[in-house]
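In what follows, a structure is listed as structure tokens, so that the remarks can point back to it.
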Amino acid sequence: MKRISFKLLIAVTVTLSMALLASVLIFQGYRGMQSGILEVADQASRQLTVTINDRIQKLMEPNQMLIRMLRHDPLISTDDPLQRLSRLPAIAEILKANTLLSAVYIGYDNADFLLLRQLHTAQARAFFGAPEGSYYLLQSVVTDVDEGRRGEWLFYDASLNDLIEVRSVPHYTFDPHSRPWYQQSLDSESVKLTAPYLFYTTQEVGVSMSLHAGDGVVLGIDATVMDLSEQMDSLRLTPGTEIAIINQDELLLAYPDIDRFILSDARETRLATLGEINVPVLQSLVRQSVGTRNLTYFNHAGQNWYGFVSPLAVLGDDDLRILIAIPGQELLGNVEKSFLSQVQWAFSIMLVLLLSGWAVGQRIGNPIAELEKQVRSLANLNFDNKITTQTSIREVHALARVLDDMSSTIRHFKSLSMTLNRERDPDQLLQSVLEELVMAVGHVSGCIYLFDSPTQTLKLNNRMTSQTLPESIELSEAHEMDGQVRELVRKAGYDFYVCTMLRDRYENLLGVLIIDAIDSRSADIKGLRAFIDDISGAAAVAIETRQMIREQKALIDGIIRLIADAIDAKSPYTSGHCERVPELAIMLSDAALRSELPAFQNYQMNEAETEAFRIAAWLHDCGKITSPEYVVDKATKLETIYNRIHEIRTRFEVLYRDAEIDCLQGILDGMNPETLKSRCNAVQQQLIDEFSFIASANMGGEFMSDADVDRIYEIGSRRWTRHFSNRIGLSQDEKQRLEGLPEEVLPTGEPLLSDRPEQVFPWHGRKPPVAKDDPDNHWGFDMLVPEVAYNQGEMYNLTISKGTLTEEERFKINEHIVQTIIMLDALPLPDYLAKVPAIAGNHHEKMDASGYPRRLPAGEMSLQERIMAVADVFEALTAVDRPYKQGKTLTQSLAIMARMVAEEHLDADVFELFLRSGIYQQYAQKFMQPEQIDRVDINQFLVNVTEAP
């Protein structure tokens, strides 16, 4: 297919240039319209300020004129209260004529005070408690010669003809001479004006004006400026425009919404500050100091605004400012609409010009856009899709093909990495690596030979080809290998091939990777060979990993068997225990996996868990390597390193001889020989009987009666004479135990059997941390620790009630499981073997939480741990190599285990599985003596299972 040069795309550049030119022209037009609107808004803001100033002047000037006219009224000069009252209609007319006036008042030279106000609102009438029909209130303070100063409130109707009520107000003794408006007007002939404030009675904003009328008389009027707030709403430039008048303390004096800038609470009614009316844009305008006498842009809360700030005419001594904030969206809304309209027209015109260029651009650009999308997918590390494109552009088509080859190679590298990380089967790992490497270079066949060092042979291990290849290649010398392999591949029918040696990190030969090169041109062979050399490390890693996994597994298995064999070899009486228990436990676990019993429906184990269980079973008694051999093998009560019954027998021999010597000595002394011989024979016979009893007690048993214990103590109290020191020929440990004990004067009498202090072995700081409250107990052990490590007292040992072990020796035996857990927990086990310490170390726990070393209840033991407990007990019961007991028959063993199930020592479900699966029979056929294998009726034992708690 004929390809088109990429240069044709230059036409698109011309089209884009036209679009850019139109955009610049439209933008400049938009900016011009925007500037014009802002200029108009600035002029309007200035005009608004002038208008507000004019209205303030128009509000104030009439009132100033009224107060100047009022100072010529007769009301000013008369002292007669009745004449003053006669002038009330004139003052009332002033209030009626000007609705902005709140009150007219006069302060006289003698401190009399007269104030007339309208009660035209319910709020004012309620404030003064005015009677019904009241319209005017005259507040009067007069000075009476007899009564002194007297305050009165006079309530009139609207015509002032009817005095509704005269109310004496004793506390109303208002002195005008103390008020600022009176004092500041005495020394001036001009009208004095206060700063705007909130009138207490009418709750309106206004100012007070005062004027000195002569002879100490001062006139005053209160004028409201509330009309200013009402008129501001009509002066807004846009619906969203915010306008306010504030003083230098940011106190609001005018705002379109009156309810928002007059605040009331339980204590007072006052003017709001700018911050209290919840108009943040005005606060922002003041804080940013923008818009002073000019309309200025500012941003508030992410929105565009235009602000204007200007001073107003002075009201009193307070400087006032007008604040104007106009939303940019409202101010320039029409400009933006016009701009959009121009853009639409411009693009409509351009559309016709662009259609032809667009058609060409689509034909040329679509393949590139599609290719760009696929390349972006590669940039996002997505290599799963094949890169293709339909285009007539030669360069784009070639680029797509190269990118697809690259993506395919990366895809195979990714798959190769996942294979190296996830594949568990070493053989399948190497096969998968071969397949991915062959596909990564775009070829179809290959093979891997592995080097066998002992035979100096390359052996075919993996193949990805249908061709016939030899199974092995014998190598004479390593340096000849490359030539031999090349010759082999040539004979196999390859025209082109690449052969790469696979070596480990130490340059040891691992094998050979062979990949065909049928589709490669001769010029590409060199590059292909270099590329395969670079990527062949993955195959080398796979081979090395395969070898390491196998060697590591073999090493672990070897160490496990070494420990187990060492434990079995340590004691000839427990030989084979560490081998038989794992086999029985694995048989039980496999049966549980196959079982349809309800208790095992959810029991599953993957390959890693199976391996962990196998290792735990083999190491379940690894702690016994620390157990003293003589304790493990102790067959008699007096046995330590040797059987101490021989020492005691020697003492009996001494006593036996002493009896004979006493007899002979008596004959020499002239006593009756017959009597002496008879007595000697009786003593010797008693010694023979007593030793026979002691020897029998030394063998241990299921029970020792109190009478037997008493007889042992009685026999032990016999005395014999020692003539030699017991302090010589001793080890350092023996000497240390004798320290502090006085040495007897020889010869000395000693009891036949004794519990001597030196026969007690203290812990000497080596007490194992198995007590529940031991701070060094990090494993959760809960065991009672004997006071001493060993007690080899003869009486103490001979009076053992059951078996041959003392409490201390029993603890030492049990401690092997503690050491098992501690030893295994200290190993840097991988995650999949993390449960090995628990599985191996909990097989002496009981279902009722009375076991050791942690006293775990059944609910805290896994099924594998309960299986281990059953396997360990059954093997111990049936073993025939114990020196202290005989191996029991199948029926005897199962009966004991059934009782242990009933007593909640063993798990009922596992025991039922043990019976129903027939594993006990399989084990018996392989490991038990023929005389132990009797006929078993499992139904009698299943009763215990069903009745188990």
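One point on numbering: in UniProt numbering, the residue at position 256 of the sequence shown is 256, and numbering is uninterrupted. Beta carbons are placed, not taken as given, at the ideal position from N, Cα and C, and that holds for glycine.
Other residues of its chain near residue i: CB distance less than 8 Å, five sequence neighbours each side excluded
i, result
"residue 950", "A query on residue 950 cannot be resolved here, the shown segment of the chain reaching from 1 to 949 and no further."
"Gln932", "Thr878, Val880, Gly887, Lys888, Thr889, Leu890, Ala924"
"Ser754", "Gly716, Gly793, Glu794, Met795"
"Tyr135", "Gln118, Leu119, His120, Tyr156, Asp157, Ala158"
According to DSSP, residues forming a beta bridge with residue i
i, result
"Trp153", "Gln139, Arg167"
"Met209", "Leu193, Ile221"
"Arg614", "None; Arg614 has no bridge partner."
"His300", "Gln303"
"Pro857", "Asp848"
"Asn643", "Glu639"
"Pro751", "Arg719"
"Glu474", "Thr457"
"Asp452", "Thr457"
"Phe113", "Gly107, Val141"
"Gly511", "Leu450, Leu502"
"Asn462", "Ile448"
"Val901", "Val901 pairs with nothing; no bridge assigned."
6 Å CB neighbourhood of residue i in its chain, flanking five on each side removed
i, result
"Tyr105", "Leu115, Gly220"
"Glu809", "Val631"
"His479", "The pLDDT assigned to His479 is 46, lower than 50, so where the model puts this residue is not dependable; a value taken from the coordinates is nonetheless given after this. Cβ within range, chain order: n/a, list empty."
"Asp909", "Ala599"
"Glu787", "none"
"Ser917", "Ala591"
"residue 950", "This structure does not reach residue 950, given that the chain is present from 1 up to 949, and the question cannot be answered."
"Gln684", "Tyr656, Ala659"
"Lys926", "none"
"Pro89", "Leu160"
"His177", "Ala111"
"Asp934", "Thr889, Leu890, Thr891"
"Asp319", "Gln248"
Neighbourhood of residue i by C-beta, 7 Å cutoff - its chain only, sequence neighbours within 5 removed
i, result
"Phe451", "Leu458, Leu509, Leu510, Gly511"
"Ile326", "Ala41, Leu237, Thr238, Thr241, Trp305, Tyr306"
"Thr173", "Val141, Arg149, Gly151"
"Val936", "Leu890, Thr891, Leu894"
"Ser522", "Confidence at Ser522 is low in this model, with a pLDDT of 43, below 50, so the placement of that residue should be treated as unreliable; the coordinate-derived value is given next. No residues qualify anywhere along the chain."
"Val770", "Asn777, Phe781, Met783, Val785, Val818, Pro853"
"Gln732", "none"
"Phe691", "Arg649, Phe652"
"Lys767", "Val785"
Whole-angstrom C-beta distance between residue j and residue i, which should lie under 8 Å
i, j, result
"Tyr182", "Gly133", "Contact doesn't hold; Cβ gap of about 33 Å is too wide."
"Leu588", "Ile919", "6 Å"
"Glu912", "Leu597", "7 Å"
"Ile246", "Leu253", "7 Å"
"Leu271", "Val205", "7 Å"
"Ile222", "Ala124", "Reading the sequence as shown, one finds Asp at residue 222 and not Ile. Not quite, the Cβ-Cβ distance comes to about 12 Å (not below 8 Å), so this is no contact."
"Leu138", "Asn98", "Not confirmed; about 18 Å, so no contact."
beta-carbon residue i near the ligand SAM non-hydrogen atom, thresh 7 Å
i, result
"Ile52", "The ligand SAM is not part of the structure shown, which contains no ligands of any sort."
Which runs of the beta strand (DSSP E) spanning at least 3 residues fall entirely within the stretch 708 to 740, listed in chain order? For the stretch 708 to 740, whole beta strand (DSSP E) runs of length 3 or above, ordered along the chain, are 719 to 722.
Take every Cβ of the stretch 757 to 775, pair it with every Cβ of the stretch 695 to 712, and state whether three or more of those distances are shorter than 8 Å. Output reads no: the stretch 695 to 712 does not touch the stretch 757 to 775.
Evaluate contact between the stretch 861 to 872 and the stretch 905 to 922, counting only Cβ atoms and requiring at least three cross-stretch pairs below 8 Å. yes
Segment contact flag, the stretch 770 to 784 with the stretch 852 to 860, C-beta cutoff 8 Å, min 3 pairs: yes
Let me know the alpha helix (DSSP H) ranges lying completely inside the stretch 673 to 713, each 4 residues or longer, listed in chain order. 673 to 697
Touch test, the stretch 620 to 631 against the stretch 819 to 832, Cβ-Cβ under 8 Å, three pairs minimum: Cβ pair count under 8 Å is three or more, so yes.
Assess contact between the stretch 719 to 739 and the stretch 648 to 665, defined as three or more Cβ pairs (one per stretch) separated by less than 8 Å. Is contact present? yes
Count the CB pairs spanning the stretch 822 to 842 and the stretch 671 to 688 that are closer than 8 Å, and state whether there are at least three. They do not touch, by the three-pair rule.
If we require 4 or more residues per run, which alpha helix (DSSP H) segments fall completely within the stretch 792 to 823? 794 to 798
Contact between the stretch 697 to 706 and the stretch 733 to 746: three or more CB pairs below 8 Å? no
Could you tell me which uninterrupted alpha helix (DSSP H) segments, each at least 4 residues in length, are contained entirely in the stretch 577 to 632, listed from first to last along the chain? Complete alpha helix (DSSP H) runs here, min 4: 577 to 594, 607 to 618, 629 to 632.
At which residue ranges does the stretch 858 to 893 contain complete alpha helix (DSSP H) runs of 4 or more residues, listed in the order of the chain? The qualifying runs are 863 to 878.
Within the stretch 69 to 104, ranges of the alpha helix (DSSP H) (whole runs, at least 4 residues): 81 to 86, 88 to 97
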